[in-house]
Amino acid sequence: MKIFNGMISFLLFAFIGCTSVTMYDKNKSFLTFTSEFDNFITVKNGDNLIINKRGKTTPMLGFTAACIIVNNKDVVITIDNEQDIKLNKEQLPKYKFIYIGKDKKRYTVEYTNLAKSFL
Numbered sequence: 014m015k016i017f018n019g020m021i022s023f024l025l026f027a028f029i030g031c032t033s034v035t036m037y038d039k040n041k042s043f044l045t046f047t048s049e050f051d052n053f054i055t056v057k058n059g060d061n062l063i064i065n066k067r068g069k070t071t072p073m074l075g076f077t078a079a080c081i082i083v084n085n086k087d088v089v090i091t092i093d094n095e096q097d098i099k100l101n102k103e104q105l106p107k108y109k110f111i112y113i114g115k116d117k118k119r120y121t122v123e124y125t126n127l128a129k130s131f132l
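In this note's numbering, the protein residues as written are 14 to 132.
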């Protein structure tokens with residue numbers, strides 16, 4: 014099942030990397046968790062629960078999980094039920110791709126309009 018999920022994510026990234034970001038709804042962005050995760054991840058987008066599961070980076074693909082968010086609502090990411098990362102609804106509409114990274118216990122947020130390749 015993990016390999017299947019990884020392949021679906023890979024195909025999604027391949028599709029996104031080969032298409033223009035103008036194809037997306039202006040009120041949606043793509044939120045991606047990149048490498049070094051082995052944590053329980055919760056993503057709330059406004060009142061909606063988008064992700065609520067353990068995420069572990071797939072070494073072969075270099076990322077953990079991805080989802081589409083409505084970018085005109087606040088996003089709260091909770092890692093292991095203790096660390097909150099808040100993404101502001103005023104900042105989100107400017108970008109189509111948001112990457113959340115982890116280096117040991119430090120988290121980074123990268124906003125961009127360019128899709129990244131993880132291979």
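By construction, the Cβ of each residue, glycine as well, lies at the ideal position given by its N, Cα and C atoms.
N- and C-terminal bounds of the beta strand (DSSP E) containing residue i
i: phenylalanine 43; result: 41 to 46
i: asparagine 58; result: 51 to 58
i: lysine 107; result: Element bounds for lysine 107: n/a, residue is neither H nor E.
i: alanine 128; result: No beta strand (DSSP E) contains alanine 128, which DSSP labels as neither H nor E.
i: aspartate 97; result: 96 to 100
i: leucine 62; result: 61 to 69
i: threonine 91; result: 88 to 92
Cβ-based burial, residue i [other Cβ within 10 Å; buried from 16]
i: leucine 127; result: exposed
i: lysine 137; result: Residue numbering for the chain in the displayed model covers 14 to 132; residue 137 lies beyond these limits and cannot be assessed.
i: aspartate 116; result: exposed
i: arginine 119; result: exposed
i: lysine 107; result: exposed
i: threonine 121; result: exposed
i: tyrosine 89; result: The residue asked about is misnamed: residue 89 is valine in this sequence, not tyrosine. Counting Cβ neighbours within 10 Å, valine 89 comes out exposed, since fewer than 16 surround it.
i: serine 130; result: exposed
i: asparagine 215; result: Because the chain here runs from 14 to 132, residue 215 falls outside it and cannot be looked at.
i: asparagine 101; result: exposed
Proximity test, Cβ basis, 7 Å: residue i and chain B
i: threonine 45; result: Note that chain B does not occur in the displayed structure, where there is just one protein chain.
Three-state secondary structure (DSSP) of residue i
i: threonine 121; result: strand
i: tyrosine 112; result: strand
Cβ shell of residue i (< 6 Å), same chain only, five flanking positions each side left out
i: asparagine 65; result: Thr55
i: threonine 77; result: Phe46, Phe50, Gly68, Thr70
i: serine 48; result: Thr70, Gly75
Cβ neighbours of residue i in the same chain (closer than 7 Å, five flanking residues each side left out)
i: asparagine 40; result: Val83, Asn84, Asn85
i: threonine 91; result: Thr55, Asp97
Say whether the segment 46 to 63 touches the segment 82 to 95, bearing in mind that this needs 3 or more beta-carbon pairs closer than 8 Å, one atom from each stretch.
yes
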